[in-house]
Structures are given as C-alpha cells and as structure tokens.
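Some notes on the structure that comes next.
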Amino acid sequence: MSDVAQNQFNIREYIRENLFPHFMCPGCGHGIALRALLNAVHDLGIDKNQLAIVSGIGCSGRVGAYIDANTFHTTHGRPLAFATGLKLARPDLEVIVITGDGDCLAIGGNHLIHACRRNLNLTCLMLNNEVYGMTGGQVSPTTSADRFTTTTQYGNHEPIFDACKLAEGAGAGFVGREMTLQTPALRDLIKEAIAHDGFSFIEVLSDCTEIFGRKNDMGESAEMVLAQKADFRSVSYGTEIGETFKPRGMKTGVLLRDDRPEYAMAYKRHNEKKLKQ
Amino acid sequence: MSTRQNLQNLQGNHACALAAIHAGCRFYAGYPITPSSEIAETMSAELPKVDGLFIQMEDEIASMGAIIGASAGGAKVMTATSGPGFSLKQENLGYAALTEIPSVIVNVMRGGPSTGMPTRPAQGDIMQARWGTHGDHPTIALTPWSVEEVYAETIRAFNLAELLRTPVIILFDEVIGHLVETVDLARFENPDITDRKWADGKIEGFRPYADPGDGVPAMARPGDGRRVHTTGLSHGEDGFPTQDAELVAQFMARLLGKIETHRKEIERVDIRSCDDADVVIVAYGITARAAYRAVETLRQRGVKAGLFRPVTLWPFPEDAFKKVAERARLVLVPEMNAGQLILEIERLVSGKTRVAGVNLYFGDPITPQQIVETAEAELKQ
Ligand SMILES: Cc1ncc(C[n+]2csc(CCOP(=O)(O)OP(=O)(O)O)c2C)c(N)n1
Ligand code: SF4
Ligand SMILES: [Mg+2]
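Protein chains in written order, with our numbering: chain A, 96 to 372; chain B, 2 to 382.
Okay, here's the thing in structure tokens:
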C-alpha cells in the first residue's frame, strides 16, 4: 500500500481512455459509482496489474470495461460465480465484482446468497438503479411501488426487498450501502469493503436517468441525485413494526462488519489439519 | 517399453477424477447429480492432497462459472454433471468457447429428457454437446468406451483444452461411469501433458486475440501487466466489443477454424475389421462394446462386418469415416437415443449407402444380439 497523501487521484490513470466516448447516458449514476471505486482503488494503493474486475451483464456490467485492469465481463447474473473461481485460483489478485440490481438480485440471487455464506474475500458492488437499464427499463426486484417501467405500464405492484438484509442474513462479512450523491462517503465505504478480509457487499444507490428517470418524470440527472437526498432517512426499517420498506429510504453507511473466518484461509487450514491427522 | 504393471480396479467416474488430477487439474467445481457424483466425491478427497481446490457450488450454472473463472486465473479446471446439469451449464459453456477459456466438462449421460431415468444409461445428449449452447461455436467431445479409455481421454481432454483454448466435453454414460474395470496405471506413468501457451514478450500493443498463425492466441495471465479485457460480447483482436462485420467475420473464422486446422490432434478413431467390411457399424461409448461383439458374431455367421468407433465424436472424424463407408453396403448406427449420430452419418454418406439405426433408449444398454438382428434384417431387404 502506498502513501495515500503523496499522490493525488487522477482518474485517467485508471481508465481506458481509448474506449471513449463511453456508452453511459448523461448523468447516469453508474459513472459516479465508477469514479468512487477507482478513487478507492487509488487510495488503497492497489496495483492495477493485480486488480481483477468481474462484472455481469447490464449497464452496470459494462462499466467494468473502462477500468484499466484485468477485466472480465461475464454472463448475466453470474459474475459472483466466476469471481469465486478466479479468487480461489488466484488469491493474489484483488477481485472486485460489479453487478446490477437485476444481475445480482434476480437472475443472480442464488449466487449472492452463497457468496455471502462462504465469505470468500471478494468485494461486490451492486449498482442499484431500481431498473433493468440495459434492456430498456423493465421492472427489477428493487423497483419502488407504483413506479412506471416498460413492464409495469400501470405502475409497479410487486413488493421489493432489501438486498443488504439478505446479505446480512446470508452471512456476508461486510455489508454497506451508500448513495451516489455522497461520493466521498461512497469512496470511503468502498475502501473499507475492499480492505475487509471476507465477502463484502455494497449496495450503491445509483440512478438510471435516461430510462427510469424519464419514464417517471423524475427530472434531469441533477434532480434525480438530489431526490436521493430528499428521500434519505437515517433509519428505514426495524424501528416501527409494520413500517413499509422503501428502497430510497434506507440506512446508509456500514451496516454490518463480522470478522468471521475468510473462506479460502479457512478451507486451507481445515484441509491441512485434516490431512495431517 | 517396461513390462512393469500397476493394475488397479477403478470405476469409470473414479478414473475420470484421478486422470484429471494426473493431467494437472487443480480446480474442480460441481453440483451433485447422479450418475456423475463419484467424480466430485473423488475430487473432494484428492484435490486437497495436491494443493488443489474443490468446491461444491450452489448449482451447475455457478459450477461452470467458477471453473471458467479459475481457468482465467491460470488453473486447469474441470466440472462434471449429467443431463439436467448439462443443460444448466450451456450458457457459460458458450462463454468459455467465445472467450477461449480452457475447461473440461464431463457429462455422464443418463436417461432423459428432463429428470428422466437418473440411474440408467443413455446417449441422448450428444447433439446437445454439439449444439447445446446458442450461436455457432467450436465443440470438441470425446466418448470413451472403457474405464481405461476414460483415463486416457480425460488426460487428452485437458491437453486439447489447453492446446486449443477451448472447452472440451467428455461424454460417457451411466454404465461406463459406474463400471469397475482393471486399469494398468503404468501405461499412464508419464503421459504427455500440454500446458497453456502464456503470452510473453512485449506488453505494449499486445493484442489478446490476434492469430499467431495456428489460430490459438497465447493467453494473458492476470497479473502479468497486460490488463486485458475478456468479454462474451463479440470482440476484435484487441478483446474489446465490436459489431464491425469484418472484424466479427475474422474472429469467427479463427474461432471455428482452429478446430478444423487441428483435426489431426483432435480426432481419434478406433477402426476394427473394416478393410473388407460390407457392414460398418458406427458406435460410441458403451454401445460400441456391444457393437464390437456384434461384429464378431456377424463374422462368424459369414457377414463381413466392421466397427467404426469415433472416440472423438465432435468434430466428427469425417474423412476416416468416409473411407470405411465407401465400400460398405450397409452402415448401422446403434445408439441409446432416438437417432442422433445417424443424422450425421446420413449426411456423410449422402444417399450412397444404406443407413439404418438401432435405437433403444429406454434405460437398458443395447445388446450385441439386438445389433446382430437388425443387421441381418437390414441385409435381407
Ligand atoms: C440470460 C440472460 N437473460 C437476459 C439477458 C438480457 N439482459 C441484459 S442486461 C439485463 C438486465 C440488467 O439489469 P441490471 O442488472 O439492473 O443492470 P443495469 O442495466 O440496470 O445496470 C437483462 C435482463 C441476458 N443478457 N442474459
Ligand atoms: S440506460 Fe440508465 S443505467 Fe443505462 S447508461 Fe443510461 S442512464 Fe445509465
Ligand atoms: Mg439496474
């Protein structure tokens, strides 16, 4: 790890500028999350040759390609499975997963549960924009009540769920949530997550300005980001019985930290002990 | 050659796992399913002894994802399954084919479709092995007929996967998987092992998918400073997504072409008594054993029969087959499915020779008698 104060973060050192112009819509929250991640990588002094980014399919998944590192754009919902193999085979790599709300909670939900349970030293950033951005704005497992999407033409009638609670329940070593509005806080949270020795899950409250925002008359990107602030409540569940869970009214920051044994280390120690017997 | 022997009684599944480790496999991810589970069980016991990693994943999709990830990191990898699990692996199998990540996938075939007959043999997945994942893709599938050949072909599967940067499928059936036979492991003491070609030399301007001439680019090892991009999107030589028709055409020509240009290394056939054969029986896996017995019986009865056994099922050894089929009056294709390889055989003889199937796929292996009877009936027509 290098001396943090010595060099200023310059995003150009961490991105593939040759791929520009990038695909993201103006004001897309995923870009803000990307910057926060790279800033965290910089602050931690991670060598980009040793950095592996594993992403799924979606706008969130395509963000990975812009990072000047070893990048793997895998299949829809499966980046955690892929990352599990990569990290086990190459513990020397810093493996960070970038996924979306659809990628991680719908098609990939099972992999999330078991990645949390195993507690392998991975960092998972779920960019939650409440929608399937890439495929044109369909409803996702985190779309709020009554929101319009291309597959909830009369407003969303389906209940949603809290991914962080799921991660906590399934045993993740580190769980946190932050909004793209709070970029420095997001950067710091990501730093803590990467530094944690175990499975770290971060829900990033992102925004799909162009599709979700437009469909719901949520204004321009700046207004959408500010709306995060208006919606923000320090405690959103567990205080009152019967209080409805709202995706935009959730607790942020570090939600859980548990130093239980990391999977790969525990596996190795266990087998060494048993094989000696 | 040494005359020393090392005779072991091994089950097919067991042999597959041991051979994998022998070939250098150090990462296995799987999900239990009959009749393949003994492969995972053996790996779970043996891999930790050689500093390898075994992991039981949450499903077959994850297992396939995990082995691709581990292979991308540099490990030799395998997963094993049966019908329902093989179906689940297809999407990631296509990903491995497109991104050219070496991997070995075993399918111990059981009765299907759906849950079918979990403890009964079948050969109903051979077309799925060829075409199961979407889009045009290279396929290599090997079909051993004995426990000893399971051992040999598993080693070869790893070598081909590494040589050609592609997934290789090993197909056998419940009978071979659970059969116990004596294998002389001395034969495998010093097997030829192919290791992956890793990129070296200049990092600047490295193009991860440029054709070095043989169609198989050297792979960049994460951490080597090359920082390449790997994607399931169609990509150009630089690894980044493209929809440029010319670049995609170039890429696909190399991807599919590398199999064609390496047929010599990939193809293995076992041809018996075909020189003068009027009846050529084309069979693979356990069915080929019944077919070989049928050949002997037919010969005793005065019918000049021969066996053509494609150990490499895909790509189908076309030239070798055409040669033996040329002089035959009848080509018989017994298989434990409703007629799959026979389609390929019909295509290859293109009406010049009579082709007939023996299709029994109700849970029992095909017997020599059933093949003999069909041959005799067909010859009368
Ligand atoms: C197996 C499979 N099913 C469906 C798709 C189509 N698809 C691509 S991205 C996507 C949803 C992405 O949503 P999310 O994960 O929330 O990412 P976002 O685009 O919102 O960042 C879907 C359904 C696919 N690529 N693969
Ligand atoms: S569609 Fe939505 S999520 Fe995708 S880039 Fe545009 S704003 Fe971002
Ligand atoms: Mg989304």
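We put the CB at the ideal spot given by N, CA and C, even for glycine.
Closest by C-alpha distance to residue i, when choosing among the options
i: B/Gly86; options: B/Pro49, B/Ser115, B/Glu261 and B/Lys353; result: B/Ser115
i: A/Asn102; options: A/His125, A/Asn223 and A/Val136; result: A/Val136
i: B/Ser64; options: B/Ala46, B/Pro36, B/Phe28 and B/Glu182; result: B/Phe28
i: B/Ser72; options: B/Tyr362, B/Met220 and B/Gly84; result: B/Met220
i: A/Ala164; options: A/Lys143, A/Leu129, A/Asn134 and A/Asn216; result: A/Lys143
i: A/Gly204; options: A/Lys182, A/Arg173 and A/Gly231; result: A/Arg173
i: B/Gly133; options: B/Pro145, B/Ile170 and B/Glu266; result: B/Ile170
i: A/Ile255; options: A/Asp292, A/Ala147 and A/Met345; result: A/Met345
i: B/Ala321; options: B/Lys265, B/Thr80, B/Pro49 and B/Ala306; result: B/Lys265
i: B/His263; options: B/Val296, B/Ala295, B/Pro316 and B/Val229; result: B/Pro316
i: B/Ser38; options: B/Asp174, B/Val325 and B/Gly66; result: B/Asp174
i: B/Thr82; options: B/Gly74, B/Gly66, B/Val107 and B/Gly70; result: B/Val107
i: A/Leu183; options: B/Gly70, B/Ala98, B/Ile102 and B/Tyr96; result: B/Gly70
i: B/Gly95; options: B/Thr80, B/Val105 and B/His135; result: B/His135
i: A/Leu175; options: A/Gln145, A/Gly153, A/Val158 and A/Ile208; result: A/Ile208
i: A/Ala258; options: A/Thr194, A/Ile152, A/Asn251 and A/Ala290; result: A/Thr194
i: B/Asp212; options: B/His230, B/Met253, B/Gln6 and B/Asn7; result: B/Met253
Beta-carbon separation (whole angstroms), residue i vs residue j, contact threshold 8 Å
i: A/Asp196; j: A/Gly156; result: No, A/Asp196 and A/Gly156 are not in contact; Cβ-Cβ is about 12 Å, not under 8 Å.
i: B/Leu333; j: B/Ile282; result: 5 Å
i: B/Ile141; j: B/Ile260; result: 7 Å
i: A/Ala160; j: A/Thr166; result: 6 Å
i: B/Glu182; j: B/Ser147; result: 6 Å
i: B/Ile343; j: B/Thr288; result: Rounded, the Cβ-Cβ distance is 12 Å, inconsistent with contact.
Inter-residue spacing [alpha-carbon to alpha-carbon] between residue i and residue j
i: B/Ile68; j: B/Val312; result: 25 Å
i: B/Asn10; j: B/Asp126; result: 28 Å
i: B/Pro122; j: B/Gly112; result: 6 Å
i: A/Ala262; j: A/Ile162; result: 26 Å
i: A/Val330; j: A/Lys260; result: With a pLDDT of only 43 at A/Val330, under the threshold of 50, the placement of this residue in the model should not be trusted, and no figure is reported.
i: A/Phe104; j: A/Asn134; result: 6 Å
i: B/Tyr32; j: A/His117; result: 39 Å
i: A/Tyr358; j: B/Pro369; result: 52 Å
i: A/Asp283; j: A/Ala265; result: 24 Å
i: B/Gly214; j: B/Val373; result: 48 Å
i: B/Lys90; j: B/Glu61; result: 6 Å
i: B/Thr232; j: B/Thr100; result: 6 Å
i: A/Gly271; j: B/Thr43; result: 39 Å
i: A/Leu181; j: B/Arg269; result: 33 Å
i: B/Glu377; j: B/Arg255; result: 46 Å
i: A/Pro279; j: B/Glu47; result: 48 Å
i: A/Gln248; j: B/Leu234; result: 31 Å
i: A/Lys286; j: A/Leu188; result: 16 Å
i: B/Arg290; j: B/Arg328; result: 23 Å
i: B/Gln124; j: B/Thr195; result: 29 Å
i: B/His138; j: A/Val320; result: 44 Å
i: A/Asn113; j: A/Leu281; result: 27 Å
i: A/Gly122; j: A/Thr218; result: 25 Å
i: A/Val226; j: A/Ala322; result: 17 Å
i: B/Glu238; j: A/Ala240; result: 45 Å
i: A/Asp138; j: A/Cys211; result: 26 Å
i: A/Ile106; j: B/Ile346; result: 59 Å
i: A/Phe294; j: A/Lys363; result: 17 Å
i: A/Phe296; j: B/Ala187; result: 50 Å
i: B/Ile40; j: B/Ala16; result: 8 Å
i: A/Cys303; j: A/Glu367; result: 48 Å
i: B/Ile267; j: A/Ala201; result: 40 Å
i: A/Asp292; j: A/Gly268; result: 8 Å
i: B/Thr298; j: B/Gln129; result: 33 Å
i: A/Leu215; j: A/Pro186; result: 10 Å
i: B/Gly117; j: B/Ile34; result: 13 Å
i: A/Phe307; j: A/Met229; result: 11 Å
i: A/Thr244; j: A/Met360; result: 44 Å
Residue i beta carbon near ligand 5 (any heavy atom closer than 8 Å)
i: A/Asp257; result: The model on display carries ligand 1, ligand 2 and ligand 3 but not ligand 5.
Proximal residues of chain C, C-beta to C-beta of residue i below 9 Å
i: A/His206; result: In summary, chain C is missing from the structure at hand, where the protein chains are A and B.
>> Using a strict less-than 5 Å threshold between each residue's beta carbon and the heavy atoms of ligand 2, what residues do you get?
In response: Taking each Cβ in turn, the ones that pass are A/Met119, A/Cys120, A/Cys123, A/Cys154, A/Gly228, A/Cys303, A/Thr304, A/Glu305 and A/Ile306.
Can at least three beta-carbon pairs, one atom from the region 212-231 of chain B and one from the region 193-201 of chain B, be found at a separation below 8 Å? Touching, yes.
| query | Any chance the region 279-296 of chain B sits against the region 236-252 of chain B, with 3 or more Cβ pairs inside 8 Å? | reply | Contact between the region 279-296 of chain B and the region 236-252 of chain B is absent, because fewer than three Cβ pairs lie under 8 Å.
> Is the region 322-339 of chain B touching the region 354-371 of chain B in the sense that three or more CB pairs, one from each, lie closer than 8 Å?
Replying inline: Here the region 354-371 of chain B lies against the region 322-339 of chain B, with 3 or more beta-carbon pairs under 8 Å apart.
Q) Any contact of the region 156-174 of chain B with the region 340-356 of chain B, i.e. 3+ C-beta pairs under 8 Å? A) Inter-segment contact for the region 156-174 of chain B and the region 340-356 of chain B is absent: fewer than three beta-carbon pairs are separated by less than 8 Å.
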